[in-house]
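By the UniProt record's numbering, the letter at position 155 of the sequence shown is numbered 155, and the numbering carries on one by one without gaps. Heads up, the beta-carbon is just placed ideally off N, CA and C, and yes, glycines get one too.
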Amino acid sequence: MLFGELYNIVHIGSDDQWLKIEGVESTGTGWIMASQHHPLSRDEFDFFVQSPRQVVSQGIGEIRLKDNTLLLLPGSQIHAGQNEIFEWEESIKFNGTSHPFEVKASRAEIIATALTFLNAPFLPGGRSLFGLNASSWLNLIFKISGVILPNELSALKNIGKDREVSEIQAGDLIVFGANQGVPFQAGLYKGEREILWVREKVKTGAFDPEKWASNAALSESIQLMHIKNLVD
């Protein structure tokens with residue numbers, strides 16, 4: 001979880017010291033210490049779900065809330081509605097680059113956001129510049145771009161619009177699978193026959209749409225499952 005993200009408690013550990021949580025908007029499921037939990041009333045929770053927000057889009061943002069200064073990673077969000085806790089002008093001083101979640105990014109902006117994660121290391125279960133996997137990386141890119149994306153590869157088949165590989169555009173999502181039809185890798189088409197993906201780290205690789213369209217790039221161990229348009 002990143003700063004400002006919301007979650008529901010789905011289970012309380014037997015010792016009451018750990019909470020299993022499920023993030024709102026497909027951010028994922030995991031455990032936190034009970035001491036990290038900040039309870040909200042139902043009205044407060046609903047307010048934050050519906051309020052406008054700014055999402056940290058590049059580098060490390062800095063927020064000063066009352067007498068505390070916090071460093072915010074990309075994907076962190078600041079709720080900017082009319083509430084005395086989170087009044088931009090009155091209570092919060094923010095230094096950094098952010099993007100209004102309600103404003104959908106262009107394809108060029110999505111690619112630019114993805115490139116800010118270049119060389120971030122692969123880390124199973126990670127979801128930040130300090131380590132991430134394919135699904136969490138894509139989840140962050142599209143969250144910053146104003147699109148909710150599931151934080152698991154198997155769910156990507158249910159979102160966006162499918163298109164033929166011959167119609168692929170920069171900013172489209174590419175999902176690969178094994179010959180049993182199980183997704184195991186995904187990336188973002190950068191254009192110019194290149195893909196951005198997470199393999200040991202976030203990096204570029206070769207992806208020739210013409211070869212995939214003609215089946216020349218197929219193998220027994222890998223298949224192209226989906227090309228997803230999440231923008232238009």
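*Use the C-beta contact count for Ile-12: other C-beta atoms within 10 angstroms, 16 or more gives buried, fewer gives exposed.*
Numbered from its first residue, the sequence shown carries residue 12 at position 12. Label assigned to Ile-12: exposed.
*Only counting runs of 4 or more residues, tell me where the alpha helix (DSSP H) segments fall wholly within the stretch 41 to 117, in order along the chain.*
You should have 42 to 50, 88 to 91 and 107 to 115.
*asked:* Leu-72 and Val-55 - do their beta-carbons sit closer together than 7 Å?
replied: If you number the sequence shown from 1, residue 55 lands on position 55. If you number the sequence shown from 1, residue 72 lands on position 72. Result no, Cβ atoms of Val-55 and Leu-72 do not sit closer than 7 Å.
*Which same chain residues, not among the five before or five after Arg-193, have their C-beta less than 8 Å away from its C-beta?*
The count along the sequence shown starts at 1 and reaches residue 193 at position 193. Within the same chain, Arg-193 has close Cβ partners Ala-206, Phe-207, Asp-208 and Pro-209.
*Quick check: the stretch 6 to 22 against the stretch 138 to 149, are there 3 or more CB pairs under 8 Å?*
Touching, no.
*Looking only at C-alpha atoms, which of Ala-170, Val-175, His-37 and Asn-179 sits nearest to Ala-112?*
The count along the sequence shown starts at 1 and reaches residue 112 at position 112. For the options Ala-170, Val-175, His-37 and Asn-179, the alpha carbon positioned closest to that of Ala-112 is the one of Ala-170.
*asked:* According to DSSP, is Asn-229 part of a helix, a strand, or is it coil?
replied: As a working note, residue 229 is residue 229 in the sequence shown. Here Asn-229 carries a strand assignment [DSSP, helix/strand/coil].
_Glu-5 and Thr-27 - do their beta-carbons sit closer together than 7 Å?_
For the purposes of this step, residue 27 is identified with residue 27 of the sequence shown, where counting begins at 1. For the purposes of this step, residue 5 is identified with residue 5 of the sequence shown, where counting begins at 1. Yes, these two residues count as a Cβ contact at 7 Å.
*Give the range of the beta strand (DSSP E) segment to which Phe-142 is assigned.*
The residue labelled residue 142 in the question sits at position 142 within the sequence shown. Where Phe-142 is concerned, there is no enclosing beta strand (DSSP E), although the alpha helix (DSSP H) it sits in stretches over 134 to 144.
*Buried versus exposed call for Lys-161 [16 or more other C-beta atoms within 10 Å across all chains shown]*: Within the sequence shown, residue 161 is the residue found at index 161, counting from 1. Exposed: under 16 other Cβ atoms inside 10 Å.
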